[in-house]
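One structure is given here, and the rest of the page talks about it.
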Ligand code: NAD
């Protein structure tokens with residue numbers, strides 16, 4: 021396996037923005053782009069390659085499934101995106117169908133690296149990819165709520181006029197409408213969130229927290245209404261996850277993976293803070309959750325389960 025080789029399957033808005041972010045990161049020396057529309061993959065490979073002299077040497081080319089057998093990470097962004105007004109769960113049947121064609125080809129290539137699922141609904145497609153790929157569970161990762169968590173940190177940073185990197189807070193559960201802002205463990209450099217809000221002159225905590233969680237949850241709808249797709253934020257989330265893997269950082273990221281009895285939740289993939297390193301998924305980190313947050317997490321799992329039960333694998 022070539023630890024410096026990445027494959028991106030699906031070169032639409034999200035795949036090409038991710039390729040662009042990864043080219044700039046210098047994490048990889050080889051990047052293969054695959055798309056049902058080969059010319060599109062070729063065009064993106066040419067365009068992104070022309071930026072490499074401003075970053076670091078990297079071979080970027082359009083390829084096919086044989087080219088991914090020795091890649092260390094395969095990122096799947098192929099699939100339909102949300103149209104204005106559509107939820108992520110509305111995409112499920114179309115995109116599970118696309119995964120039925122893609123994942124067996126990844127498997128047949130002999131790929132044995134880490135599969136990073138980004139297409140939506142990401143939690144359900146992570147479970148789909150796990151079942152169809154035959155890869156070990158710790159090697160199938162959904163980008164989950166890594167993007168939503170960045171949106172939460174951004175919003176809190178703006179609200180509190182503080183660097184968003186000093187904000188520690190997670191969105192957990194579904195990457196979608198039932199996601200949960202885990203405020204009870206949120207803090208700004210160790211100071212509980214509500215104490216920091218007081219310091220900044222914000223006293224109506226409940227209203228502030230609700231408004232921010234709603235903005236985070238609705239941001240994809242708001243962006244899609246204006247520009248028909250979202251891709252830069254998720255591209256940075258993809259880069260962050262790849263960085264944690266390639267550099268074996270053991271970073272704690274809210275990626276999507278199978279729940280195996282945590283909080284009484286089984287057989288569904290959703291996001292919880294999890295250690296991510298060179299061997300993929302490590303342990304889930306049991307951040308403290310309030311009773312309301314646990315109930316909401318169980319409801320989120322139930323929402324996903326109801327959709328999973330309509331699928332045939
Ligand atoms: P897009 O329509 O621009 O791109 C999809 C690409 O997939 C197209 O280039 C298409 O040719 C390709 N494709 C379709 N079927 C294929 C197949 N069988 N094999 C290979 N390639 C195939 O869509 P987009 O805006 O790039 O979004 C892609 C996915 O990412 C959507 O499902 C979207 O909802 C999701 N997304 C996820 C997040 C996240 O945080 N996880 C954020 C934004 C978007």
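Numbering (the numbering used here), first residue to last: 21 to 333.
Just so you know, even glycine gets a beta-carbon here, dropped at the ideal spot from N, CA and C.
Own chain, CB closer than 7 Å to residue i, minus 5 neighbours either side, in chain order
i           : result
residue 250 : 240, 243, 244
residue 197 : 107, 237
residue 48  : 24, 25, 26, 42, 78
residue 225 : 214, 217
residue 82  : 53, 58, 61, 62, 65
residue 130 : 89
residue 158 : 299, 300, 301
residue 119 : 145, 148, 149, 152
residue 206 : 188, 189, 213
residue 328 : 144, 147, 288
Boundaries of the alpha helix (DSSP H) in which residue i is found, first to last residue
i           : result
residue 305 : Segment: none, residue 305 is in no alpha helix (DSSP H) and carries neither H nor E.
residue 255 : 252-266
residue 47  : No alpha helix (DSSP H) holds residue 47; DSSP gives it neither H nor E.
Close Cβ partners of residue i (< 8 Å) along its chain, the five nearest in sequence each way excluded
i           : result
residue 142 : 108, 162, 163, 164, 195, 276
residue 272 : 293, 294, 295, 296, 305
residue 269 : 263, 296, 297
residue 325 : 287, 288
residue 92  : 21, 22, 23, 24, 25, 26, 133, 134, 265, 266
residue 202 : 189, 190, 191, 192, 307, 309, 313
residue 37  : 251, 252, 254, 255
Sequence-distant residues of the same chain with beta carbon closer than 6 Å to residue i, five excluded per side
i           : result
residue 302 : 295
residue 69  : 80
residue 169 : 190, 191, 274
Residue i - containing beta strand (DSSP E), residue span
i           : result
residue 276 : 276-280
residue 273 : 271-273
residue 286 : 286-291
residue 24  : 22-29
residue 297 : 294-297
Residue i Cβ short of 7 Å to the ligand NAD heavy atom set
i           : result
residue 7   : The chain is shown only over 21 to 333; residue 7 falls outside these bounds and no answer can be derived.
residue 97  : yes
residue 60  : yes
residue 20  : Coverage of the chain is limited to positions 21 through 333, which leaves residue 20 absent and any answer about it impossible.
residue 139 : yes
residue 126 : no
residue 41  : no
residue 34  : yes
residue 167 : yes
residue 31  : yes
residue 107 : no
residue 251 : yes
residue 184 : no
residue 196 : no
residue 57  : yes
residue 245 : no
residue 100 : yes
residue 142 : yes
residue 54  : yes
residue 336 : One cannot answer for residue 336 here, as it falls past the ends of the chain, which runs 21 to 333.
residue 121 : yes
Are three or more beta carbon pairs between the stretch 129-142 and the stretch 163-178 nearer than 8 Å?
yes
Length at least 4, wholly inside the stretch 111-182: the alpha helix (DSSP H) runs in chain order
When DSSP assignments are scanned along the stretch 111-182, the uninterrupted stretches of alpha helix (DSSP H) that are 4 or more residues long and fall wholly within it turn out to be 112-128, 142-153, 166-180.
Suppose only complete runs of 3+ residues qualify. What are the beta strand (DSSP E) ranges in the stretch 62-112, listed by chain order?
79-82, 91-96
Considering only residues of the stretch 217-243, which uninterrupted alpha helix (DSSP H) runs meet the minimum length of 4 residues and lie entirely inside it, listed in chain order?
none
If you pair each beta-carbon of the stretch 309-324 with each one of the stretch 176-187, do three or more pairs fall below 8 Å?
no
Please specify which runs of the alpha helix (DSSP H), each continuous and at least 4 residues long, are wholly inside the stretch 305-329, giving them in chain order.
The qualifying runs are 311-328.
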